[in-house]
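A.B. asks:
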Amino acid sequence: MKLIVAVVQNEDISRLLDALQKEGIMATKLSTSGGFLRSGNTTLLIGIDDDRVAEVIDIISQKCKTRKQIVSSPVPNNPSAGVYLPYPVEITIGGATIFVLNVERFEKV
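Residue numbers for the sequence shown follow the UniProt record's numbering, beginning at 1 and rising by one.
(1) DSSP three-state label for residue 110, please.
(2) How is the beta strand (DSSP E) around LYS29 delimited, first residue to last?
(3) Mind reading off the beta-carbon distance from ILE48 to LYS2? Whole number of angstroms is fine, and I expect it under 8 Å.
(4) Check the C-beta distance from LYS63 over to LEU16 and give it rounded, since I have them as a contact under 8 Å.
(5) For the beta strand (DSSP E) that contains LYS22, what are its first and last residues?
(6) Measuring straight from C-alpha to C-alpha, what distance separates GLY19 and ILE13?
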C-alpha cells in the first residue's frame, strides 16, 4: 500500500476530485497555502494499493495543468538607491507536486 500526497492548485481541485471519485478513489482534502506565492492550494492524501499508483498519478497529470500568471516581483529595481518598485513577472503555476510514500500499516476502523 502507498500514500500519495499531492499538492494541487485550488483551480484544479474540483476537476481532480470528480475524476478520482469516478474511479472509486477516495481522498482526504486539506486546505494549505504555498510558501512562494502565498496562494491557496489543496493537499490530497490518497491511500491506494501499489498496483493503482500509476493510475492515480495519471489522473492527477490529466486534471492538473500548468498555466502562466503575472505576479509582482519583490526584487528591487535599483538596490543601490534603495528603490523597491515591484514590476510584473510571468511565472508558471499549476500542475501538481506528488509524493508517493510506503505505508507500513493501514487500518480502517
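Think of the CB as a built atom: it goes at the ideal place given N, C-alpha and C, for glycine as much as any other residue.
C.D. replies: Answer, in terms of the structure:
(1) A query on residue 110 cannot be resolved here, the shown segment of the chain reaching from 1 to 109 and no further.
(2) Element bounds for LYS29: 28 to 33.
(3) 6 Å
(4) 4 Å
(5) Taken as a continuous stretch (DSSP letters only), LYS22 belongs to no beta strand (DSSP E), being part of the alpha helix (DSSP H) at 10 to 22.
(6) Inspection of the sequence shows that residue 19 is occupied by Ala rather than by Gly. Roughly 10 Å separates the two Cα atoms.
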